[in-house]
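So the protein sequences, as listed, match chains V and G. Position 27 of the first sequence, counting from 1, maps to 27 under UniProt numbering, and the rest follow consecutively. Position 51 of the second sequence, counting from 1, maps to 51 under UniProt numbering, and the rest follow consecutively. Below is one structure, written out as structure tokens; comments come after it.
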Amino acid sequence: MTPEPLLSVRDLSVRFLLPGGRRVDAVSDASFDVAPGECLALIGESGCGKSVLASALLGLLPANARTAGHAHLGDLDLLTADEPTLARTVRGRRVGLVPQSPAAHLTPVRTIRSHIEETVTRLTGVRGRSARRKAAEQASLRAEFPLDHLDRHPHELSGGLAQRAATALALIGDAPLLLADEPTTGLDRDLVDRTVDELRRHVDDGHALLMITHDLAAAERIADRVAVMYAGRIVELTDAGAFFGSPGPRHPYSRGLLEALPERSFTPVPGLPPELGSLPEGCAFAPRCDRATDICGALPFFENTVACHHPVPAPAAPHATRTPEDTRA
Amino acid sequence: MLELRAVTAGYDRRAPVVRDAHLTVAPGEAVGLLGPSGCGKSTLARVAALLHRPDAGEVVLDGTPVRGFRHRAPREQRTAIGVVFQQPRLAADPRLRLADLIAEPLRATGRRASAADRVRELAGTVGLTPDLLGRRPHEVSDGQLQRACLARALSLRPRWLVCDEMTAMLDASTTAALVRVVEDYRASTGAGLLSVGHDRTLLTRWCDRTVPWEAVAAG
Numbered sequence: 001m002t003p004e005p006l007l008s009v010r011d012l013s014v015r016f017l018l019p020g021g022r023r024v025d026a027v028s029d030a031s032f033d034v035a036p037g038e039c040l041a042l043i044g045e046s047g048c049g050k051s052v053l054a055s056a057l058l059g060l061l062p063a064n065a066r067t068a069g070h071a072h073l074g075d076l077d078l079l080t081a082d083e084p085t086l087a088r089t090v091r092g093r094r095v096g097l098v099p100q101s102p103a104a105h106l107t108p109v110r111t112i113r114s115h116i117e118e119t120v121t122r123l124t125g126v127r128g129r130s131a132r133r134k135a136a137e138q139a140s141l142r143a144e145f146p147l148d149h150l151d152r153h154p155h156e157l158s159g160g161l162a163q164r165a166a167t168a169l170a171l172i173g174d175a176p177l178l179l180a181d182e183p184t185t186g187l188d189r190d191l192v193d194r195t196v197d198e199l200r201r202h203v204d205d206g207h208a209l210l211m212i213t214h215d216l217a218a219a220e221r222i223a224d225r226v227a228v229m230y231a232g233r234i235v236e237l238t239d240a241g242a243f244f245g246s247p248g249p250r251h252p253y254s255r256g257l258l259e260a261l262p263e264r265s266f267t268p269v270p271g272l273p274p275e276l277g278s279l280p281e282g283c284a285f286a287p288r289c290d291r292a293t294d295i296c297g298a299l300p301f302f303e304n305t306v307a308c309h310h311p312v313p314a315p316a317a318p319h320a321t322r323t324p325e326d327t328r329a
Numbered sequence: 001m002l003e004l005r006a007v008t009a010g011y012d013r014r015a016p017v018v019r020d021a022h023l024t025v026a027p028g029e030a031v032g033l034l035g036p037s038g039c040g041k042s043t044l045a046r047v048a049a050l051l052h053r054p055d056a057g058e059v060v061l062d063g064t065p066v067r068g069f070r071h072r073a074p075r076e077q078r079t080a081i082g083v084v085f086q087q088p089r090l091a092a093d094p095r096l097r098l099a100d101l102i103a104e105p106l107r108a109t110g111r112r113a114s115a116a117d118r119v120r121e122l123a124g125t126v127g128l129t130p131d132l133l134g135r136r137p138h139e140v141s142d143g144q145l146q147r148a149c150l151a152r153a154l155s156l157r158p159r160w161l162v163c164d165e166m167t168a169m170l171d172a173s174t175t176a177a178l179v180r181v182v183e184d185y186r187a188s189t190g191a192g193l194l195s196v197g198h199d200r201t202l203l204t205r206w207c208d209r210t211v212p213w214e215a216v217a218a219g
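Right, here's the structure in full:
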């Protein structure tokens, strides 16, 4: 049923080495696949390692980072590829990045048109001033960037428009894998829906999309599958329908995250995520978890769809917050 | 009362971003201002926070019309308002440790002696661990930095809070946690709140009343 994955990540770990022999375990043993025509949403609290994972896939980690594991894009391992390969054949061409904080991603002294035209020149065969201008305008329209704002500088754009400019740039190279790092941050709901639907259209055209987001509504709208990250580990990886609908997530952390939504109980998960520099031996969520027992002192293995010693039982969930009628169906 | 009367504001007098805006927040009231991306709501929030001089119109704070904005605002008016912005990265001096970031308003108003205690208290309120207080902005996540920015906004115990898309960068759990901090603060001090945002679900859940942008400003 699932086509051959385009991106196949196995046991990906990222460690940052800090002065004084300290070590930050930003990502630990992450494994997942993304297939063409599929969207995998990677969700989790801020600071859980989501963006580091994205940087690792693009070879954009700082010099003090050490990676382990594999991330195969076709026959290329993104983790071991050298910089010239990444720069000339991967970024923009095989992996398109929709960045986090677009205002910081764009060059402040240049207009949006200049950004887009440069990218068109670098990534496509379009040559000549008028052809380039036309291609740039088409690229803008694909991301719903208004043409009358093309001659503005990044500081003259609202957060939403800056995001659309960045999305337009990411789509120009027509890369088979799109990596969207918080693409909907700062957009209003209508715009989130439109941005997400636009990305979904590229997925339906056969792109693979890995979308990193904390916007659960956006994830629900776009994703085929959902991976929940906590303290650098993927703690749940499951079907989006089951996750957002019935029977709901099985990991207590995933359930807490959903319950924090203003349309649900609006209650935060108590406490703070652990420091990635001093993770506990066992389950990192145990100190915040109301289901934790002594065995949570040992690291839970990823079984089935969840890495938890006490997952909410599937399919009928005793703590289910969704309507019980659904679970019986 | 925090009153905005016929405020017209922008960055070019010939093309104001906000035209003829009227908005009133009563003491203890939480008002959500709901508007789409790019409508000018952040500009109006900056006017309400005395950080941007309007081209026309008036801001009246607790009955006193505001005569000066930004650094010209009188201290007792300026410190009566706490502000939290959308992007904590742009609102935090990258050179300051989080403890110093939170303490800055205290030091700037001559409360250096009591700053350390107050910072510790605020850190507990917003859920920052002592370890995080010693770090600089690039060493913490957006969520952690926004917690520090909220602590900074509360440090002078303002009677008014202006939150401009405070949670737009944050995940659901951090959003719920920070909104709870604001609401606990308001419950204990009776402070009024102007929360500007685009998330209808969030603002209606959070605020006493939510007003759409069209009802506040002329087109």
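Ideal placement from N, C-alpha and C gives every residue a C-beta, glycine not left out.
{"query": "Contact check, His-207 of chain V vs Ala-165 of chain V, beta carbons under 8 Å", "result": "no"}
{"query": "C-beta neighbour in chain G for Pro-5 of chain V, strict 8 Å", "result": "no"}
{"query": "Under the three-state DSSP convention, the category Arg-250 of chain V falls into", "result": "coil"}
{"query": "Selection from V:Phe-285, V:Gly-49 and V:Glu-259 that minimises the alpha carbon distance to Ala-177 of chain G", "result": "V:Glu-259"}
{"query": "Interface flag, Asp-164 of chain G vs chain V, CB-CB below 8 Å", "result": "no"}
{"query": "Straight-line Cα distance separating Lys-41 of chain G from Met-166 of chain G", "result": "13 Å"}
{"query": "Whole-angstrom C-beta distance between Arg-147 of chain G and Gly-134 of chain G, which should lie under 8 Å", "result": "Between Arg-147 of chain G and Gly-134 of chain G the Cβ distance is about 15 Å, and since that is not below 8 Å, they are no contact."}
{"query": "Neighbour flag for Thr-321 of chain V against chain G, beta carbons, 8 Å", "result": "Residue confidence for Thr-321 of chain V is low, a pLDDT of 48 falling below 50, so the modelled location carries little weight and cannot support an answer."}
{"query": "Interface residues of chain V facing Thr-129 of chain G [CB-CB closer than 9 Å]", "result": "Leu-272 and Glu-275"}
{"query": "Supposed close pair residue 336 of chain V, Ala-143 of chain V - CB separation, criterion 8 Å", "result": "Residue coverage of chain V in this structure runs from 1 to 329, which leaves residue 336 of chain V outside it and unanswerable."}
{"query": "CB-CB length for Gly-92 of chain V against Ala-175 of chain V, believed under 8 Å", "result": "7 Å"}
{"query": "Under 9 Å (Cβ pairs) to chain V, residues found in the segment 152–178 of chain G", "result": "Glu-165, Ala-168, Met-169, Leu-170, Asp-171, Ala-172, Ser-173, Thr-174, Thr-175, Ala-176, Ala-177 and Leu-178"}
{"query": "Backbone CA spacing between Asp-326 of chain V and Pro-247 of chain V [nearest angstrom]", "result": "In this predicted model, Asp-326 of chain V has a pLDDT of only 42, less than 50, meaning its place in the structure is not dependable; the value taken from the coordinates is given anyway. Cα to Cα, the separation comes out at about 8 Å."}
{"query": "Identity of the residue in G:Gly-143, G:Cys-207, G:Gly-38 and G:Leu-33 nearest Gly-10 of chain G by Cα", "result": "G:Gly-38"}
{"query": "Inter-stretch contact at 8 Å, needing at least 3 Cβ pairs: the segment 141–159 of chain V / the segment 57–65 of chain V", "result": "no"}
{"query": "Beta-carbon proximity of Cys-69 of chain V to Arg-23 of chain V, cut-off 8 Å", "result": "Note that residue 69 of chain V is Gly in the sequence shown here, rather than Cys. Taking 8 Å as the Cβ cut-off, Gly-69 of chain V and Arg-23 of chain V do not qualify as a contacting pair."}
{"query": "Trp-206 of chain G to Glu-76 of chain G span [Cα, whole Å]", "result": "28 Å"}
{"query": "Interface flag, Pro-36 of chain G vs chain V, CB-CB below 8 Å", "result": "yes"}
{"query": "Residue burial classification, Glu-236 of chain V (beta-carbon count within 10 angstroms, cutoff 16)", "result": "buried"}
{"query": "Cβ-based contacts, 7 Å cut-off: residues of the segment 31–65 of chain G near chain V", "result": "Pro-36, Ser-37 and Gly-38"}
{"query": "Segment limits, beta strand (DSSP E) that includes Cys-39 of chain V", "result": "39–43"}
{"query": "Check whether Leu-178 of chain V and Leu-209 of chain V have beta carbons under 8 Å apart", "result": "yes"}
{"query": "Contact residues within the segment 252–265 of chain V, judged by C-beta distance below 8 Å to chain G", "result": "Gly-256, Leu-257, Leu-258, Ala-260, Leu-261, Pro-262 and Glu-263"}
{"query": "Cβ-based contacts, 9 Å cut-off: residues of the segment 101–126 of chain V near chain G", "result": "Ser-101, Ala-103 and Ala-104"}
{"query": "Exposure of Gly-124 of chain G, with buried meaning 16 or more beta-carbon neighbours within 10 Å", "result": "exposed"}
{"query": "Residue-chain proximity (Leu-122 of chain G, chain V), Cβ-Cβ < 8 Å", "result": "no"}
{"query": "Residues that DSSP places opposite His-70 of chain V in a beta bridge", "result": "V:Arg-10"}
{"query": "Chain V residues whose Cβ lies nearer than 8 Å to that of Val-199 of chain G", "result": "As written in the sequence, residue 199 of chain G is Asp, which differs from the Val given in the question. Chain V residues near Asp-199 of chain G: Asp-188, Arg-189 and Pro-262."}
{"query": "Within 8 Å, strictly: CB atoms of Ala-87 of chain V and Leu-79 of chain V", "result": "no"}
{"query": "Gly-160 of chain V and Gln-86 of chain G closer than 8 Å at C-beta", "result": "no"}
{"query": "Short CB-CB distance (under 8 Å) between Gly-73 of chain V and chain G", "result": "With the sequence shown as reference, residue 73 of chain V is identified as Leu, and Gly is not the correct amino acid for it. Judged by the 8 Å Cβ criterion, Leu-73 of chain V is not in contact with chain G."}
{"query": "Residues in the segment 158–170 of chain V having any Cβ partner in chain G nearer than 9 Å", "result": "Ser-158, Gly-159, Gly-160, Leu-161 and Gln-163"}
{"query": "Ala-21 of chain G vs Met-1 of chain G beta-carbon contact at 8 Å", "result": "no"}
{"query": "Distance CB(Val-196 of chain V)-CB(Thr-184 of chain V) smaller than 8 Å", "result": "yes"}
{"query": "Beta-bridge pairing of Asp-181 of chain V - partner residues as DSSP gives them", "result": "V:Ile-212"}
{"query": "The segment 302–312 of chain V contacting the segment 264–272 of chain V, beta-carbon criterion three pairs below 8 Å", "result": "no"}
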